[in-house]
Amino acid sequence: MSQSGVMLPNQQLNGASAAENKTSASEAVKKALPKMSVSRRRKDKIVKGLVYGSGFVVCAILALIIGYIFYRGIPFVTVQLLTTQSSYVKDTIGILPNILNTLYIVLIAMAIVIPLGVCAAVYLNEYATNRVIVKSISFAVETLTGIPSVIFGLVGMLFFIQILGLQAGVLAGGLTLVVMVLPTIISNTLESLRTVPQSYREGALALGSGKWHMIRTVVLPNAIDGIVTGCILAIGRIVGESAALLYTAGFGLILNGFMTALQSSSATLTVALYVYATERGQLDVAFAVASILMILTLILNICANLTASKLEKKEK
Numbered sequence: 001m002s003q004s005g006v007m008l009p010n011q012q013l014n015g016a017s018a019a020e021n022k023t024s025a026s027e028a029v030k031k032a033l034p035k036m037s038v039s040r041r042r043k044d045k046i047v048k049g050l051v052y053g054s055g056f057v058v059c060a061i062l063a064l065i066i067g068y069i070f071y072r073g074i075p076f077v078t079v080q081l082l083t084t085q086s087s088y089v090k091d092t093i094g095i096l097p098n099i100l101n102t103l104y105i106v107l108i109a110m111a112i113v114i115p116l117g118v119c120a121a122v123y124l125n126e127y128a129t130n131r132v133i134v135k136s137i138s139f140a141v142e143t144l145t146g147i148p149s150v151i152f153g154l155v156g157m158l159f160f161i162q163i164l165g166l167q168a169g170v171l172a173g174g175l176t177l178v179v180m181v182l183p184t185i186i187s188n189t190l191e192s193l194r195t196v197p198q199s200y201r202e203g204a205l206a207l208g209s210g211k212w213h214m215i216r217t218v219v220l221p222n223a224i225d226g227i228v229t230g231c232i233l234a235i236g237r238i239v240g241e242s243a244a245l246l247y248t249a250g251f252g253l254i255l256n257g258f259m260t261a262l263q264s265s266s267a268t269l270t271v272a273l274y275v276y277a278t279e280r281g282q283l284d285v286a287f288a289v290a291s292i293l294m295i296l297t298l299i300l301n302i303c304a305n306l307t308a309s310k311l312e313k314k315e316k
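Counting along the sequence shown from 1, when you hit position 230 you're at 230 in the UniProt record's numbering, and nothing is skipped either side.
Here it is as structure tokens:
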């Protein structure tokens, strides 16, 4: 290009030839791509369709289940149902005893399983040096996770009721659920402890901190979000458990105080759902209880997801 801004003939020819080369190259690529990737594109479309279809089916099934339960149950969730107990004399139906029994069992189980599970996880991650012991405990935890809940109920009935002499009630049910949800607490706590950078531990020890002081002031505070997530998941499993409690907590629908419920037959919400749906044939009440359980489950899952997302942001 000259100083006056006019393009010279040679420059025009070079520019035109370069443009023609680019055009011919792009056309060659366009012609070659369809021939080389037709089958691959078809496979990609098929796989994408299967993935989207599977996701849609799962979401549709979940929406149908939740929608049907709410459709059948929400109209029967009343103040009277939530604040009274069932009475043949007054001809009323209430699930207040079942709500309280569920709360009692959650409190008993979590009061025992949280310190036990967290201490076990801390030992495995921070103190244990014998690989045989670590592998043995890890294998036991994984095995307990896969055992059906009805087996926990059977073992709990044999051990806590027949051997130890406890009555079927909140205490026996809570102790049985401690064994059942203990692997959940240990696994989630272990994962959380492993996310704490090793440099944090080394820095605390370099400043003269002792082993336990370092764990208490550095490791556990940085892993608390994951521990809370595990506790929420454990509570969700306790609230939704029925098979184990049929053997250990009983079917009682009478309103009892905490101390009385420890050693007397006390049905939780899930057991009450079973009783109303099968023995009494009151499906409307059963769907109302199912709606309450569904709401509790959704709330617990949302809390667990929020805590997990907070943990991920903290790690980043």
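Note that CB positions come from ideal geometry on N, CA and C, so glycine has one too.
Close beta carbons around residue i, own chain, < 6 Å, minus the five adjacent residues each side
i, result
"L175", "F160"
"I151", "none"
"A204", "M214, V218"
"Y52", "none"
Alpha-carbon to alpha-carbon, residue j and residue i
i, j, result
"A223", "F70", "37 Å"
"H213", "V178", "28 Å"
"M36", "S54", "Bear in mind that the predicted position of M36 carries a pLDDT of just 48, short of 50, making it unreliable; the figure below should be weighed with that in mind. The alpha-carbon atoms of M36 and S54 are separated by roughly 29 Å."
"G94", "L166", "27 Å"
"L306", "G226", "11 Å"
"S209", "N125", "18 Å"
"F139", "T278", "38 Å"
"G156", "A60", "38 Å"
"L96", "V285", "13 Å"
"S136", "A128", "12 Å"
"A206", "S265", "55 Å"
"A290", "I65", "11 Å"
"V113", "K310", "24 Å"
"G252", "A272", "9 Å"
"V57", "G230", "29 Å"
"I163", "L100", "27 Å"
"Y200", "N188", "20 Å"
"Q198", "V134", "19 Å"
"G67", "I46", "31 Å"
"N256", "L300", "26 Å"
"residue 375", "V106", "With the chain represented from 1 up to 316, any question about residue 375 goes unanswered, as that position is not in the structure."
"A111", "L220", "18 Å"
"I295", "I74", "11 Å"
"K48", "V132", "45 Å"
"Q85", "E202", "57 Å"
Reference residue i, options the options, closest by Cα
i, options, result
"V170", "V141, I227, Y123, F258", "F258"
"L245", "S291, G153, S192, Y52", "G153"
"Q263", "V275, L100, Y274, T248", "T248"
"A304", "P197, R131, S87, I235", "I235"
"T297", "T78, C119, S86, I232", "I232"
"V218", "E241, S192, S242", "S192"
"A168", "I295, G250, K45", "G250"
"R72", "F287, I302, I295, N301", "F287"
"V77", "L293, I299, N301", "L293"
"S242", "M180, Y123, F56", "M180"
"residue 322", "R216, V122, I302", "Summary: the structure shown does not reach residue 322, with the chain confined to residues 1 through 316, and so no result is reported for it."
"G109", "S149, P148, Q282, G173", "Looking at the sequence itself, residue 109 is Ala, so the reference to Gly does not match. Checked all of S149, P148, Q282, G173; the closest Cα to A109 is G173."
"I302", "V134, I215, V228, P148", "V228"
Contacting residues, own chain, Cβ-Cβ under 7 Å from residue i (five flanking each side not counted)
i, result
"T102", "V239, T268, L269"
"L50", "none"
"P183", "V141, L144, T145"
"L116", "L182"
"Y104", "V170, F258, A261"
"F43", "Sequence inspection shows Lys at residue 43; the Phe mentioned does not correspond to that position. Result list for K43: empty, nothing under 7 Å."
"A120", "I186"
"K211", "none"
"R237", "V181, T184"
"Y276", "Q282, V285, A286, V289"
Residues bridged to residue i [DSSP beta-bridge criterion]
i, result
"Q85", "I95"
Exposed unless 16 or more other CB atoms sit within 10 angstroms - verdict on residue i
i, result
"T83", "exposed"
"S87", "exposed"
"R185", "Before going on, a small fix: residue 185 reads as Ile here, not Arg. It counts as buried."
"N98", "buried"
"V118", "buried"
"N130", "exposed"
"L158", "exposed"
"L190", "buried"
"L62", "exposed"
"V79", "exposed"
"V89", "exposed"
"V196", "buried"
"V29", "Residue confidence for V29 is low, a pLDDT of 49 falling below 50, so the modelled location carries little weight and cannot support an answer."
Own chain, CB closer than 8 Å to residue i, minus 5 neighbours either side, in chain order
i, result
"L33", "Unreliable placement is indicated for L33, whose pLDDT of 47 sits below 50; the coordinate value is still reported in the next sentence. Excluding positions up to five away in sequence, the list is empty."
"I215", "V122, E126"
"L81", "I93, G94, I95, V285, A288"
"V40", "The question names Val, but residue 40 is Arg in the sequence shown. None."
"residue 335", "Because the chain here runs from 1 to 316, residue 335 falls outside it and cannot be looked at."
CB contact check: residue i to chain B, cutoff 8 Å
i, result
"P221", "Although the question refers to chain B, the structure presented lacks it and comprises just one protein chain."
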